[in-house]
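Counted from 1, the sequence shown has number 247 at position 247 by the UniProt record's numbering; the numbering is strictly sequential.
Beneath this line is the structure, given in structure tokens, with notes to follow.
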Amino acid sequence: MVKAYLRYEPAATFGVIASLESNIAYESSGKHLLAAALESVGVWHTRQGICTKSLAPSPSSSSKGPSLAVTSIAASPSSFIASGYADGSIRLWDLDKFSCETNLNGHKGAVTALRYNKTGSFIASGSKDTDIILWDVVAEAGLFRLRGHRDQVTDVLFLDSGKKLVSSSKDKFLRVWDLDTQHCMQIIGGHHTEIWSIDVDPEEKYMVTGSADPELRFYTIVHDSTAEKSVNNTVEPVDNASTARSKWEVLKPFGEIQRQSKDRVATVRFNRTGNLLACQHAGKAVEIFRVLNESESKHKAKRRIKRKAKKTLKENGDSDNVGISQEGQNLVITALDVFKLLLTLRAGKKICSIAFSPVASKGSLATLALSLNNNSLEYYAIDESGTYTKSSSIELQGHRSDVRSVTLSSDNSLLMSTSHSLTKIWNTSTGSCVRTIESGYGLCGLIFPGSKYAVVGTKGGTLEIIDVRSGTCIDVVEAHGGSVQSIAATPEGTGFVTGSADHDIKFWELQLTQKSDQDPKHITASHVRTKKMDDDVIVVVVSPDGKYIAAALLDSTIKVYFMDSLKFFLSLYGHKLPVLCMDISSDGDLLVSGSADKNLKIWGLDFGDCHKSIFAHADSVMAVKFVHNTHYVFSAGKDRVVKYWDADKFELLLTLDGHHAEIWCLAVSNCGDFFVTGSHDRSIRRWDRTEEPFFIEEEKEKRLEEIFESDIDNAIENRYAVKEDVIPEEGAVALAGKRTQETLTATDSIIEALDIAEFEAKRIAEHEEEKSKGRVVDFRPNILMLGLSPSSFVLRAVSNVHTNDLEQTLLALPFSDALKLLAYLRDWVHLPEKVELVCRMTTVLLQLHHDQLVSTVTARPLLTLLKDVIPLKVKECKDTLGLNLAAMDHLKQIMALKSDAPFKDAKAKLLEIRAHNTKRIEAMTDRKEERKAKKKKKQKKMDGGHVWS
1 MVKAYLRYEP AATFGVIASL ESNIAYESSG KHLLAAALES VGVWHTRQGI CTKSLAPSPS
61 SSSKGPSLAV TSIAASPSSF IASGYADGSI RLWDLDKFSC ETNLNGHKGA VTALRYNKTG
121 SFIASGSKDT DIILWDVVAE AGLFRLRGHR DQVTDVLFLD SGKKLVSSSK DKFLRVWDLD
181 TQHCMQIIGG HHTEIWSIDV DPEEKYMVTG SADPELRFYT IVHDSTAEKS VNNTVEPVDN
241 ASTARSKWEV LKPFGEIQRQ SKDRVATVRF NRTGNLLACQ HAGKAVEIFR VLNESESKHK
301 AKRRIKRKAK KTLKENGDSD NVGISQEGQN LVITALDVFK LLLTLRAGKK ICSIAFSPVA
361 SKGSLATLAL SLNNNSLEYY AIDESGTYTK SSSIELQGHR SDVRSVTLSS DNSLLMSTSH
421 SLTKIWNTST GSCVRTIESG YGLCGLIFPG SKYAVVGTKG GTLEIIDVRS GTCIDVVEAH
481 GGSVQSIAAT PEGTGFVTGS ADHDIKFWEL QLTQKSDQDP KHITASHVRT KKMDDDVIVV
541 VVSPDGKYIA AALLDSTIKV YFMDSLKFFL SLYGHKLPVL CMDISSDGDL LVSGSADKNL
601 KIWGLDFGDC HKSIFAHADS VMAVKFVHNT HYVFSAGKDR VVKYWDADKF ELLLTLDGHH
661 AEIWCLAVSN CGDFFVTGSH DRSIRRWDRT EEPFFIEEEK EKRLEEIFES DIDNAIENRY
721 AVKEDVIPEE GAVALAGKRT QETLTATDSI IEALDIAEFE AKRIAEHEEE KSKGRVVDFR
781 PNILMLGLSP SSFVLRAVSN VHTNDLEQTL LALPFSDALK LLAYLRDWVH LPEKVELVCR
841 MTTVLLQLHH DQLVSTVTAR PLLTLLKDVI PLKVKECKDT LGLNLAAMDH LKQIMALKSD
901 APFKDAKAKL LEIRAHNTKR IEAMTDRKEE RKAKKKKKQK KMDGGHVWS
């Protein structure tokens, strides 16, 4: 009987606050900050400092691993955000529902730039494949692809109410695109290095570019192409030749400003009001410029011209005419007059990305969020006086560096992870950080039974005893002269064993100590005995029955000793490079070892023979663990994957992909229902065992199919991709979609539907003919038609194609099938909800097969019919939409009037009550003054005319 295994799947990812590869962005209201966390987007509440939601793709997509890392984020003016990924896809998310609305595929490289227009109806994306694609958010489809850049597109932005698009690239050029005519209307050079970021102020007066050049370059935006406008709003007459030259000139050089830092510019961004400009360098500094208004810039320009005139006169020796008037001279304002350096913000670590908050805090000009390369977020408040204060930070939810070890408690409820300077305790079920303890460079760790105390072995050779409940380090033991490489618990649970780079294996016991009578008792580790080795000890493990202790040395050998007497038992050799990890099965029969030579070796502990040597990973094997009470083994390596093995059959069961960097450590629960991995990408991932069974042969077939499909995808990409040595045409326009396995599958489904519908239509025609002749024939519909007519069945297949994939799907259709599809369009055009689909399909098919359709005689009546019917149906839909919009506007006005009326009445009533109360208060005050005067007069008579003070 074929043996079945249970499948493991990714369950949770935690520990990552902000990735290095992507930018950060505020959503429109400013309440949440969006930060990429590997393949997901974290939505962080700015005031509470918690991650309210993590927007992650479906588990089936997340198995792609590094190819699905988020590389760019953009927020729309509404509640939608867009995230670009390393595989070239773009996902649109609804923050109100926290769901993925659509998936757009078009780029062949990682998405490097995303930008919404002001209304949020369009989004422009740039990629490493040097292409720019304009997407219709409402239709969820790509409009067209713009080609012309010679290198990676770094940034894009919309101008002139979304009619024009500016793009920057590493090819040192800026390009201005006219989106109405879909052509490049202006190319701007002058930069000596790659352009990394561009931005425009909210009023679209100035545009700034940042590169590796020592200066920031500024441009003014010309909105009127018929006349030249200067900065001070004066129109200067120009000749016809200059007008012809400036007809397509949208960006005019405005000046340069020298930067203070020598690092390249990473990001330039204006705040929402446009009074501040932030220039982030690829280091620890952010330069904040204040944007002066028109009067301030004119005043500064006058002062600059006056100082220049004084200097000129002084150099000429004419010091008597220093106070010359500047009236009558043309006042030329430059970038130096508009942009003034306000402050330079310096962070503690290298800055990855910045974002201005749409809403500034009280008493400050703006709030700036920083994403740092140590996996943290910081918020700074910028004051009008030119100072900045750090308002808050988000750093407790993750490690500052890569995770070097993970350890589960005895009840599997807690997880301890160590890194460069921190030790963290996590809740395994929720993924929340329970405790954070400052420590040394932790290389290994162990949680003692009872989950009250833990020990961490550091790179400095010390053992740090940690109280898990209070989250404090209660004792530090100087254990070794070298780094503590490994810690193994003894079966009794009263001690542990450490292996170090100082060639020693030391045995420790747990004891309760008390420094003084006033101090409480705390646990500590006391040294019992030492075993000297010939080389550095990399790994040490103890058999579950406590009979053997095994140590892996730097000389690539494994030494096995008796635990009680420490006498030599076995020497296991066969690895060509040092053994980095090993484990012993629960029954003590097998020992598995993983080495830097990429191999797994399974040894028998009875005679020390090697049962099997398996080439397991594409890089060094960093962690291996047996599942309790089984011979199933998990292995993790630097190749970023986890593999699940059967050590009895020496078969690979599963390959689990998900990490984006090297995997350093692995821990398996006592029951084997889940395991945890820690990686160089600073993430901790939990993988759960499901109830879904699988078989080895099926998994082998799936792996072969994946290899086959990947080869097909590479062949398709190589066939249709533009060769690197072929320079793309200047301003070329192409289709926005991308040919993928999904589009080919959709094409096959449409062809199959056409064939089934054609065969069924013939059967129906034959049945009607027999029926007309008076013959009674039993007709049974095709069960594959699902009870639909041939036209409806084909329409169902076409409607199932994603909107973004429709063009590429129709592109792969043969002409004969395209002609069949056109015949169905004349029936579908009468359906009001399918008019848009029919128009798109007709346009695409006519563009693709124009020459063949014109030369085909049978297609001419069909084209004539579509030419007459489609415009009328489009006009009907347009009129219906216009009527509905007008009705909605009318209803909106009625509702506004109704909602304002109670407020107006309430306001008038409130003013009336306030006036009445004012009059009553005045009357009461007058009566009170009268009573005081009468009382004083009466007292004066009683005292005989004397007034006592």
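Here a beta-carbon is modelled for each residue, glycine too, at the ideal position from N, C-alpha and C.
Asked: Beta-carbon gap between I188 and L216 smaller than 8 Å; Found: no
Asked: Residue environment, T71, which counts as buried when at least 16 other CB atoms sit within 10 Å; Found: buried
Asked: Among D467, G445, I466 and S391, the one whose alpha carbon lies nearest that of G457; Found: G445
Asked: Residue of R920, A647, A335 and K452 minimising C-alpha distance to E296; Found: A335
Asked: Same chain only: Cβ atoms within 6 Å of S543, ignoring 5 sequence neighbours per side; Found: I584 and G588
Asked: Backbone CA spacing between A141 and D805 [nearest angstrom]; Found: 8 Å
Asked: Integer Cβ distance of D688 from A11, believed to fall under 8 Å; Found: 4 Å
Asked: Cβ-Cβ distance between S83 and H107 below 8 Å; Found: no
Asked: Beta carbon proximity, K919 to chain D, threshold 8 Å; Found: Although the question refers to chain D, the structure presented lacks it and comprises just one protein chain.
Asked: Rounded straight-line distance, which links the Cα of K762 to that of L865; Found: 24 Å
Asked: Distance, T312 Cα to G323 Cα; Found: Residue confidence is low: G323 scores 46 on pLDDT, short of 50, so the model does not pin down where it sits. No coordinate-derived value is stated.
Asked: Own chain residues within Cβ distance below 8 Å of P820, not counting five before or after; Found: It is worth fixing the name first, because residue 820 is Lys in this sequence and not Pro. The answer, listed in chain order, is L754 and E758.
Asked: Coil, strand or helix - F759 by DSSP; Found: helix
Asked: Assigned exposure category for D131 - 16 Cβ within 10 Å defines buried; Found: buried
Asked: For L370, the nearest candidate out of C352, S364 and T273 (CA to CA); Found: C352
Asked: Euclidean distance between Cα positions of G882 and M888; Found: 10 Å
Asked: Under 8 Å between C-beta atoms of I447 and S421; Found: no
Asked: Cβ shell of C877 (< 7 Å), same chain only, five flanking positions each side left out; Found: P832 and V835
Asked: According to DSSP, residues forming a beta bridge with residue 967; Found: This structure gives no information on residue 967, because the portion of the chain shown stretches from 1 to 949.
Asked: Sub-8 Å separation of A69 and A56 beta-carbons; Found: no
Asked: First and last residue of the uninterrupted beta strand (DSSP E) at Q48; Found: No beta strand (DSSP E) holds Q48; DSSP gives it neither H nor E.
Asked: Residues near S325 in its chain [Cβ-Cβ closer than 6 Å; skip 5 each side]; Found: Low per-residue confidence applies at S325: pLDDT is 44, beneath 50, and the placement is therefore not dependable, though the value from the model is reported in the following sentence. Correct list: empty, nothing qualifies.
Asked: Rounded distance between the beta-carbons of S79 and D94, thought under 8 Å; Found: 6 Å
Asked: N-terminal and C-terminal residue of the alpha helix (DSSP H) that K311 is part of; Found: E294 to N316
Asked: Integer Cβ distance of V621 from S595, believed to fall under 8 Å; Found: 6 Å
Asked: For S417 and S405, believed in contact at Cβ under 8 Å, the rounded distance; Found: 7 Å
Asked: Spatial neighbours of G255 in its chain, beta-carbon cut-off 7 Å, leaving aside the 5 residues before and after; Found: F218, T334, A335 and L336
Asked: Distance between E39 and L368 (C-alpha atoms, nearest Å); Found: 25 Å
Asked: Exposure of E492, with buried meaning 16 or more beta-carbon neighbours within 10 Å; Found: exposed
Asked: Three-state secondary structure (DSSP) of C671; Found: coil
Asked: Secondary structure of W248, DSSP reduced to three states; Found: coil
Asked: Neighbourhood of F779 by C-beta, 6 Å cutoff - its chain only, sequence neighbours within 5 removed; Found: H767
Asked: 8 Å Cβ cutoff met for Y441 and K459; Found: yes
Asked: Nearest to E395 (by Cα), restricted to the options G49, T389, V624 and S29; Found: G49
Asked: Cβ contact check for the stretch 733-745 and the stretch 791-810: 3 or more pairs under 8 Å; Found: yes
Asked: Rounded C-alpha distance that separates D383 from V403; Found: 38 Å
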